[in-house]
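In full-length UniProt numbering, the protein residues as written are 1 to 90.
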């Protein structure tokens, strides 16, 4: 009997890679249209996952991937916050 838990996989919206959920950061848009970084992965709202990778964040910014998926304009401060978060982790 297999007792190992199944690892939840999610797709990075910038690179299209499938990765374990823990390796991605979730960006969420609330019903009110507020966009925030969801470190718990449990906030309610429309979510999109990004690799915890500077290139992925910059690619998403360049292609406007997040604003298209979340159907709301994304403030540059969200990208800056993501990049700061990634720098702290490394």
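In this text, a Cβ means the ideal position worked out from N, Cα and C, and glycines have one as well.
None of these values were measured; they are calculated from a predicted model.
Handout entry: Minimum C-alpha distance to residue 40 - residue among 23, 11, 65
Key = One-based indexing of the chain shown puts residue 40 at position 40. Per the Cα distances, 23.
Handout entry: Beta-carbon spacing of residue 70, residue 52 below 7 Å
Key = Counting from 1 along the chain shown, the entry for residue 70 is found at position 70. Counting from 1 along the chain shown, the entry for residue 52 is found at position 52. It is not a contact, given that the beta carbons lie outside the stated cut-off.
Handout entry: With 16 other Cβ atoms within 10 Å as the buried cut-off, status of residue 7
Key = As a working note, residue 7 is residue 7 in the chain shown. Label assigned to residue 7: exposed.
Exercise for the section: Take residue 18 as the anchor and find which of 50, 59, 42, 83 has the nearest alpha-carbon. Expected result: Along the chain shown, read from residue 1 onward, the residue named residue 18 stands at position 18. Residue 18 has its Cα closest to that of 50, out of 50, 59, 42, 83.
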